[in-house]
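K.L.:
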Amino acid sequence: MTTRRVVARAPQDTPAGLWTYLLLAVSMLFAAFPLYWMFVIATSDDEALAKLPPAVIPGDRFLTNVDEVFSLQDVYFAASLVNSVIVSVVVTASVLFFCSLAGFAFAKLRFKGSRALMLFVVLTLTVPNQLGIVALYIVMGELGWNGTLLAVIAPGLVTAFGVFYMRQFIVNTVPDELIESARVDGATTMRVYATIVLPAIRPALAVLGLLTFVATWNDFQWPLITLSGTDYPTSMVAVSDLASGNYVIYRRVLAGAFIATVPLLVMLFIGGRQIVRGIMEGAVKS
182 MTTRRVVARA PQDTPAGLWT YLLLAVSMLF AAFPLYWMFV IATSDDEALA
232 KLPPAVIPGD RFLTNVDEVF SLQDVYFAAS LVNSVIVSVV VTASVLFFCS
282 LAGFAFAKLR FKGSRALMLF VVLTLTVPNQ LGIVALYIVM GELGWNGTLL
332 AVIAPGLVTA FGVFYMRQFI VNTVPDELIE SARVDGATTM RVYATIVLPA
382 IRPALAVLGL LTFVATWNDF QWPLITLSGT DYPTSMVAVS DLASGNYVIY
432 RRVLAGAFIA TVPLLVMLFI GGRQIVRGIM EGAVKS
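Heads up, the sequence shown is in this note's numbering, so the first residue is 182 and it goes up one at a time.
(1) Checking 9 Å against the spacing of the C-beta atoms, do glycine 173 and alanine 387 come in under that value?
(2) To the nearest angstrom, how far is it from the Cα of methionine 182 to the Cα of leucine 210?
(3) Considering only C-alpha positions, which residue in the set Lys232, Ser225 and Ala341 is nearest to serine 281?
(4) Taking the Cβ atom as the reference point for each residue, do alanine 260 and aspartate 412 lie within a distance shorter than 9 Å?
(5) Have a look at arginine 432 and methionine 371 and give me their C-alpha separation to the nearest angstrom.
(6) In the DSSP assignment, find the unbroken alpha helix (DSSP H) run with proline 384 in it and report its ends.
(7) Assuming isoleucine 351 contacts alanine 288 (C-beta within less than 8 Å), just tell me the rounded distance between them.
(8) Can you list, in chain order, the residues of its chain whose CB lies under 7 Å from that of valine 320, leaving out five sequence neighbours each side?
(9) Is valine 268 close to chain D? Criterion is C-beta to C-beta, closer than 9 Å.
(10) Which two residues bound the contiguous alpha helix (DSSP H) that contains threonine 305?
(11) From the DSSP output, in three-state form, read off glutamine 254 for me.
(12) Compare the Cα-Cα distances from leucine 244 to each of Ala424, Ser265, Asp357 and Ala436 and report the closest residue.
(13) Could you check whether the region 265-276 touches the region 394-408, counting it as contact only if at least three pairs of C-beta atoms, one from each stretch, sit closer than 8 Å?
(14) Just to confirm, does phenylalanine 285 get its C-beta within under 8 Å of one of the non-hydrogen atoms of the ligand FAD?
(15) Flag this pair as yes or no: are the beta carbons of leucine 277 and glycine 343 separated by less than 9 Å?
(16) Measure the alpha-carbon distance for leucine 298 versus serine 362 and round it to whole angstroms.
(17) Please report the straight-line C-alpha distance between serine 241 and alanine 229, rounded to a whole angstrom.
(18) Would you tell me roughly how many angstroms separate the C-alpha atoms of leucine 312 and alanine 286, rounded to the nearest one?
(19) Do the CB positions of isoleucine 314 and glutamine 402 come within less than 9 Å of each other?
(20) Could you check whether proline 239 and phenylalanine 220 sit closer than 9 Å to each other, using their CB atoms as the reference points?
(21) DSSP on tyrosine 346, reduced to helix/strand/coil?
(22) Nearest-angstrom Cα distance between tyrosine 217 and proline 356?
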């Protein structure tokens, strides 16, 4: 009888056991240790890396190392953080608008070639970004954007994953009957999108926004190619500049990397529940 009750019980109603908590704790320790060790080296002197066993207690040189990072004339670290904020915010806002609008069109509007276009969008996800780097660099060069933030912003204004994710969420979340009722009342397509679709997909927008912001902030390859050697680096390019040269001062590199990671930690701390909520709602409604 007890076995039947356990099998029939919903996962959210099943209490976690000791081994579950132990496994989660060990997993969290393994996941958080690299970030913690990065902070330890960022607060230490040059001898910390040579210690065996490795140092695990933070030092007292964090402010000194941070001051050295921001004072380097050829790295532009403070400007790189501002540039990363600009690029990430603009790209995230654009992705949320265009992908939700395109997802609404593919999910609820009927037009010729919609399935073929959606299939093409999905197929683009199978193409590695590295294959288009050369062509993208040529296009940005023809536009005169190479070496500017426009070259970093423009390719990310809309994403295939965002369109596909929004389309799937809208299909499972917004009933056709609700849209038809709005049309009977005289609502236009954009009004339906603004007043019915957007409020219904807020959890999905939160998930997509956070994922896009993190991915844009962490993007390294394309900003390195188009912004390297300019006065407009992003944070990841600036961190790579800290690691360049014949002699690498790792306490500076890891101090810069830790500073560049803090905004992501803040974003994930603020929006972590939204990510779980959006994923769970999509899973339940599908």
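Beta carbons: idealized from backbone N, C-alpha and C, even for Gly.
P.N.:
The answer reads as follows:
(1) Here the chain comprises residues numbered 182 to 467, so residue 173 is not present and cannot be evaluated.
(2) With a pLDDT of 45 at methionine 182, under the threshold of 50, the predicted position of this residue should be treated as unreliable, though the coordinate-derived value follows. Each residue's Cα considered, the two are about 38 Å apart.
(3) If we check each option's Cα against that of serine 281, Ala341 comes out closest.
(4) yes
(5) Cα to Cα, arginine 432 sits roughly 52 Å from methionine 371.
(6) 383-399
(7) 4 Å
(8) Within the same chain, and ignoring the five residues on either side of valine 320 in sequence, no residue has its Cβ closer than 7 Å to its Cβ.
(9) Chain labels in this structure do not include chain D; a single protein chain is all it has.
(10) 295-305
(11) coil
(12) Ala436
(13) yes
(14) The ligand FAD is not part of the structure shown, which contains no ligands of any sort.
(15) yes
(16) 27 Å
(17) Residue identity check: residue 241 is aspartate in the sequence provided, not serine. Roughly 12 Å separates the two Cα atoms.
(18) 29 Å
(19) yes
(20) yes
(21) helix
(22) Here the C-alpha atom of tyrosine 217 lies approximately 46 Å from the C-alpha atom of proline 356.
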